[in-house]
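A.B. asks: Would you mind keeping the following structure in view while I ask a few things?
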Amino acid sequence: MTAVPSPRVPGHADADTVDAARELIEGLVAYPWGQVSPSVYETGRLVTLAPWLNGHGERLSYLVESQRPDGTWGAPATGYALVPTLSAVEALLAELTRRSGADDGPLVRSAAAGLRAIDERMCGPSGASVDLPDLPAIELIAPSLTQRINASLARLRDRPVPGLAEWAGRELGAPAGLDGAKLAFVRALLGSGADVPQKLLHALEIADDGPAGPAGLRPEPTGTIGASPAATAAWLGGRAADDPSSPARWYLETVVAQHGGPVPCGFPLTVFERGWVLAWLIRAGIPVTVPPELVLSLTAPLGPAGTPAAEGLPADADTTAGALYALALLGAHHRPDPLFAYETDTHFCTWQGEEGASVTTNAHVLEAFGQYLDACERTGGAPGADVARYAATVAKAAGWLRGQQRPDGSWDDRWHASPLYATACAAIALARFGGGDSAGAVDAARRWVLGSQRPDGSWGRWDGTPEETAYAVQLLLLTDPSPGAAVRDAVARAVPHLRRSLRNADPGEPDEPALWHDKDLYRPAAIVRAGTLAALHLARTAAASAPADGQASVPDVSPR
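No gaps in the numbering here: position 435 of the sequence shown is 434 in numbering that gives the first Met the number 0, and each next residue is one more.
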């Protein structure tokens, strides 16, 4: 076992915090594929593509029960609701046109409410004004689902469903101006038998009906195609659905079992989850003992291009940086050279050919290089380490991050719905490794965080959430070793939200919102729990170190 002492202030880790961290690390071993919230989008795809799969009824119930009062699914913002709402409605229509019976009432009512919401706010005259979020493959998924819905509405003319008569033969318009031209091109590419980029396999369900993917495509050792239940179901099609030896079939059964029917978007996410859980706990100074198998799970996948989040996905700079940073904090330093595969003239891309750029990927790259440079300074460097190039890379990444900061002091990013995540990632990395030139950017971020706290003491984009509150607390306390009265007061008001989350949250069935970007928003429960636990520990450390000046103190931060 690898014992990791606190790199910050020793003596302030209470027994409950250490126990909670130990349980969290044990969970990484007990659930090696990860702990992820179910997805309305992905669950809807399995209803349509794999009605033979165990848990079909439970998936239908999940769709009906998770619908919002306004008829949509997903986050309250219309752009974020587009993909899950289209998927849920398409799945319900597919089911209703396959069968007809007295028990269809809840499905019909849910589908009708969803159709009205789509027609009025997403694919009708107002659809062109929908602000689309930067979700992977949204430009392929939304037109694909709209086409499928229109096909079901056409079938209603020959197979009428009571309660949906007004929709028979109707045709929805293109959502938010997405005309489907790119979808047609990608479908032609998939149908040609040519090799396709590996990241495209993650959304293989957008292919035409029938077995999807290049002829030579085979499941990973885990049974997955593209680390996605929907993509795997699309590849499997009608082939071997009842074959007990099919690894794809048993991958799907394994994923279904996690939530009893509904399924997540990206699964597994082994390396991604383990890297960030370990890094956030150790960075906050929580003393942890890490089993060697967890260290090995981060080192073994590292290759010349780094590591993917899990089998079935391409290697990427974000996961690679996270793994390298965690390994450095664990004392198992690996040269960060694989990250150079993602270097551009100005910044680091998440993967080759990325459209756009990620603030958080570059913040994590800065941490990976910066932490390794720190080790080189302590030990004199390792054979083959290009210390001068690493130092230049740190300066480059820090400069690019400073240039992406918004005028109000925040950052936003393509991998998370909340600016609090991006702002915490960027500000913490700059404070630690960005040098004196970054002081102004860090100060601006701190002012923005202090100014955006809600009256109840929480932080959040749509509503106050423990997750976003944890990012704010981490930013305030990791960027200033001697927090003043204003910060201590802000943290004191935030702590109850963090503490309640850790007391009540079940990692398997979280009741907190999904904020992370994939094809649908998702919640990596173990990562979010690590962030919340880290924030609570930092709050306790700050309270124990505060001067006895009569200023606000942090209340009980026991996680239970």
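Glycine is no exception: its CB is placed at the ideal position from the N, C-alpha and C atoms. Computed from a prediction, not measured in an experiment: that's the story for all the values here.
Which term fits residue 143, buried or exposed, when burial requires 16 or more other beta carbons within 10 angstroms of its beta carbon?
C.D. replies: By the 10 Å Cβ count, residue 143 comes out buried.
A.B. asks: Within 10 angstroms of the Cβ of residue 395, are there 16 or more other Cβ atoms? Answer buried if so, exposed if not.
C.D. replies: When all chains shown are included, residue 395 counts as buried.
A.B. asks: According to DSSP, is residue 315 part of a helix, a strand, or is it coil?
C.D. replies: Strand, per DSSP.
A.B. asks: Which stretch, first to last residue, makes up the beta strand (DSSP E) that contains residue 560?
C.D. replies: Because the chain here runs from 0 to 559, residue 560 falls outside it and cannot be looked at.
A.B. asks: Return the bridge partner residues of residue 523 from the DSSP annotation.
C.D. replies: The partner list for residue 523 (beta bridge, DSSP) reads 35.
A.B. asks: Indicate whether the contact test is met: 3 or more Cβ pairs, each with one atom in the stretch 487-494 and one in the stretch 537-546, closer than 8 Å.
C.D. replies: The stretch 487-494, when compared against the stretch 537-546, does touch it at the 8 Å Cβ threshold.
A.B. asks: Identify, in the order they occur along the chain, each residue of the same chain with its Cβ nearer than 7 Å to the Cβ of residue 69, setting aside the five sequence neighbours on each side.
C.D. replies: The residues are 116.
A.B. asks: Give every residue of the same chain whose Cβ lies closer than 6 Å to the Cβ of residue 235, excluding the five residues on either side of it in the sequence, and list them in chain order.
C.D. replies: Contacts found: 247.
A.B. asks: Excluding five sequence neighbours on each side, which residues of the same chain lie with their C-beta closer than 8 Å to the C-beta of residue 511?
C.D. replies: Contacts found: 464, 465, 466, 500, 504, 522, 527.
A.B. asks: What do you get for residue 309, buried or exposed, if any count of 16 or more other CB atoms within 10 angstroms of its CB means buried?
C.D. replies: Classification for residue 309: buried.
A.B. asks: According to DSSP, is residue 25 helix, strand or coil?
C.D. replies: Of the three classes helix, strand and coil, the one that applies to residue 25 here is helix, per DSSP.
A.B. asks: For residue 306, write down the residues that DSSP places opposite it in a beta bridge.
C.D. replies: Looking at the DSSP assignment, residue 306 forms a beta bridge with 315.
A.B. asks: For residue 71, does the three-state DSSP call read helix, strand or coil?
C.D. replies: Three-state DSSP puts residue 71 in coil, outside helix and strand.
A.B. asks: Out of 267, 290, 359, 185, which has the shortest C-alpha to C-alpha gap to residue 329?
C.D. replies: Of the listed residues, the one whose Cα sits closest to residue 329 is 290.
A.B. asks: Figure out for me which residue from 153, 201, 54 has the closest Cα to the Cα of residue 137.
C.D. replies: Per the Cα distances, 201.
A.B. asks: Considering Cα atoms alone, identify which of 14, 15, 20 is closest to residue 282.
C.D. replies: Out of 14, 15, 20, 20 has the C-alpha closest to the C-alpha of residue 282.
A.B. asks: Between the Cα of residue 187 and those of 312, 203, 288, 175, spot the shortest distance and give me the residue it belongs to.
C.D. replies: That would be 203, whose Cα lies nearest to the Cα of residue 187.
A.B. asks: Specify whether the stretch 331-339 and the stretch 399-411 touch according to this definition: at least 3 beta carbon pairs, one from each stretch, less than 8 Å apart.
C.D. replies: No, they do not touch.
A.B. asks: Below 8 Å, can you find three or more Cβ-Cβ pairs linking the stretch 342-353 to the stretch 290-301?
C.D. replies: No, the stretch 342-353 does not touch the stretch 290-301.
A.B. asks: Would you kindly report the start and end of the unbroken beta strand (DSSP E) that includes residue 289?
C.D. replies: 287-289 is the extent of the beta strand (DSSP E) around residue 289.
A.B. asks: Can you give me the C-alpha to C-alpha distance between residue 285 and residue 333, rounded to a whole angstrom?
C.D. replies: Going from the Cα of residue 285 to the Cα of residue 333 covers about 22 Å.
A.B. asks: Under 8 Å by Cβ, that's how I've got residue 225 and residue 311 pegged, so tell me the actual separation to the nearest angstrom.
C.D. replies: Yes, residue 225 and residue 311 are in contact; Cβ-Cβ is about 5 Å, under 8 Å.
A.B. asks: Taking its Cβ as the centre, do 16 or more other Cβ atoms sit within 10 Å of residue 288, making it buried, or is it exposed?
C.D. replies: So residue 288 counts as exposed.
A.B. asks: Within the stretch 236-281, note down every full beta strand (DSSP E) run reaching 3 residues or more, in order along the chain.
C.D. replies: Runs of the beta strand (DSSP E) inside the stretch 236-281: none found.
A.B. asks: Roughly how many whole angstroms lie between the Cα atoms of residue 624 and residue 171?
C.D. replies: The structure shown has nothing for residue 624, since the chain only spans 0 to 559.
A.B. asks: Please list, in chain order, all residues of the same chain as residue 475 whose beta carbon is under 8 Å from its beta carbon, the five residues on each side excluded.
C.D. replies: Here the set comprises 445, 448, 449, 482, 486, 489, 490.
A.B. asks: Any chance the stretch 71-87 sits against the stretch 26-44, with 3 or more Cβ pairs inside 8 Å?
C.D. replies: Judged by Cβ distances under 8 Å, the stretch 71-87 makes contact with the stretch 26-44, as three or more pairs qualify.
A.B. asks: Would DSSP call residue 410 helix, strand or coil?
C.D. replies: Correct three-state label for residue 410: coil.
A.B. asks: Using 8 Å for Cβ pairs, my map puts residue 262 next to residue 45. What's the rounded Cβ distance?
C.D. replies: Indeed they touch by this definition, with Cβ atoms about 6 Å apart.
A.B. asks: If you draw a straight line from the alpha carbon of residue 427 to that of residue 417, how long is it in whole angstroms?
C.D. replies: Roughly 16 Å separates the two Cα atoms.
A.B. asks: Look up residue 515 in the DSSP assignment and give the residues it is bridged to.
C.D. replies: Bridge partners of residue 515: 415, 521.
A.B. asks: Could you have a look at residue 366 and say whether DSSP puts it in helix, strand or coil?
C.D. replies: Looking at residue 366 - three-state DSSP - the assignment turns out to be helix.
A.B. asks: Strictly by DSSP, which residues pair up with residue 342?
C.D. replies: BP columns for residue 342 point to 347.
A.B. asks: By how many angstroms is the C-alpha of residue 423 removed from the C-alpha of residue 277?
C.D. replies: Taking the straight line from one Cα to the other gives about 17 Å.
A.B. asks: Please state whether the Cβ-Cβ distance between residue 349 and residue 315 is less than 7 Å.
C.D. replies: Yes, the Cβ-Cβ distance between residue 349 and residue 315 is below 7 Å.
A.B. asks: Apply the 10 Å Cβ neighbour rule to residue 366 and answer buried if 16 or more other Cβ atoms are within range, or exposed otherwise.
C.D. replies: Classification of residue 366: buried, given that the 10 Å Cβ count is 16 or more.
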